[in-house]
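In terms of the numbering used here, the sequence shown has 183 at position 53, counting the first letter as 1, and numbering is strictly consecutive.
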Amino acid sequence: MKNIRLTNGKASGRLSVPYVMVYYLPVTCNNELKMMYAGAKELMKNTAEVGKILEISEPEEMSEIEGRLKGEE
């Protein structure tokens, strides 16, 4: 678990603490599971009021999450 502090991008410089969901779907996943995952992803997003979803398909992409949250993609 890692906390990442972000500013809201406005002149006030206030901190923003958005809910972000990391969605991992391996490229090797079959189409049936991809469809099931897509429905579950939307349900989870709406239930938890997630502001942003980061989709990754390779475990190595986990190390890039902080940069993606800060807009350094």
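The C-beta atom is built at its ideal place from N, Cα and C for all residues, glycine as well.
Counting along the chain, Leu155 sits inside no beta strand (DSSP E), nor does DSSP assign it H or E at all. Here Lys171 has Tyr153 as same chain residues with Cβ atoms under 6 Å from its own Cβ, once five neighbours each way along the sequence are excluded. For the set Tyr149, Ser193 and Val157, the Cα lying nearest the Cα of Met174 is the one of Tyr149. Shown here for Val157: same chain residues with a beta carbon closer than 7 Å to its own, the five before and five after excluded, namely Ser187 in chain order.
Proximity to Arg198 across Met165, Leu184 and Leu163 peaks at Leu184, based on C-alpha coordinates.
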